[in-house]
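Asker: Numbering (full-length UniProt numbering), first residue to last: 1 to 114. All C-beta atoms, glycine included, are put in the ideal place defined by N, C-alpha and C. Take this structure first; my questions come after.
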């Protein structure tokens, strides 16, 4: 199922999984995809978890960053820069992001949509 949401800067959307056994960080693997278009260089795109175990995807100074920490492990960081030397992900163009996690390993795939 596809869905589209538009935010103007201060909004967020949440999904409460606290009463289910299928919480976002209780499984050994997750895969999720999203598309985004923004002109804001510092933006939270996705966050799941709590202070002990989490996955997050955000922009910092126009670079895409995936960060994760799982109970009993050190925080991990994946930083993706746009392929063009001066290009950024806050370029008002659509970008598709796919994030995969298997145990404590996180992978990230980014594509520019036309």
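Counting pairs of Cβ atoms below 8 Å between the stretch 69-79 and the stretch 88-98, do you hit three or more?
Answerer: Short answer: they don't touch.
Asker: With distances taken from CA atoms, which of 42, 88, 41, 5 is nearest residue 35?
Answerer: As a working note, residue 35 is residue 35 in the chain shown. When only C-alpha atoms are compared, the closest one is 5.
Asker: Going by the DSSP bridge assignment, what does residue 36 pair with across the sheet?
Answerer: Taking the chain shown and counting its residues from 1, the one referred to as residue 36 is at position 36. BP columns for residue 36 point to 95.
Asker: In the DSSP assignment, the beta strand (DSSP E) including residue 106 goes from what residue to what residue?
Answerer: For the purposes of this step, residue 106 is identified with residue 106 of the chain shown, where counting begins at 1. From DSSP, the beta strand (DSSP E) with residue 106 extends over 105-112.
Asker: Residue 29 and residue 102 look like a contact to me (Cβ under 8 Å); what is the Cβ gap, rounded to whole Å?
Answerer: Here residue 29 is taken as the residue at index 29 of the chain shown, counted from 1. Here residue 102 is taken as the residue at index 102 of the chain shown, counted from 1. Between residue 102 and residue 29 the Cβ distance is about 5 Å, and since that is below 8 Å, they are a contact.
Asker: Excluding the 5 residues flanking residue 39 on each side, which residues of the same chain have their C-beta closer than 7 Å to its C-beta?
Answerer: Position 39 of the chain shown, counting from 1, holds the residue named residue 39. Same-chain partners within the cutoff: 90, 92.
Asker: Can you tell me whether residue 79 is helix, strand or coil according to DSSP?
Answerer: Against the chain shown, residue 79 aligns to sequence position 79. It is a strand residue.
Asker: Would you please state the rounded distance, in angstroms, between the beta carbons of residue 88 and residue 62? I believe it to be under 8 Å.
Answerer: In the chain shown, counting from the first residue as 1, residue 88 sits at position 88. In the chain shown, counting from the first residue as 1, residue 62 sits at position 62. 3 Å between Cβ atoms; contact.
Asker: DSSP on residue 47, reduced to helix/strand/coil?
Answerer: Residue 47 sits at position 47 when you count from the first residue of the chain shown. DSSP places residue 47 in strand when its eight states are reduced to three.
Asker: Taking just the CA atoms, how far does residue 110 sit from residue 59?
Answerer: Residue 59 sits at position 59 when you count from the first residue of the chain shown. Residue 110 sits at position 110 when you count from the first residue of the chain shown. Distance between the alpha carbons of residue 59 and residue 110 is about 13 Å.
Asker: State yes or no: is the C-beta of residue 115 within less than 7 Å of the C-beta of residue 43?
Answerer: Residue 115 is absent from the structure shown; the chain starts at 1 and stops at 114.
Asker: Using a threshold of 7 Å, state whether the C-beta atoms of residue 53 and residue 70 are closer than that.
Answerer: The residue you call residue 53 lines up with position 53 of the chain shown. The residue you call residue 70 lines up with position 70 of the chain shown. In this structure, residue 70 lies closer than 7 Å to residue 53 by Cβ.
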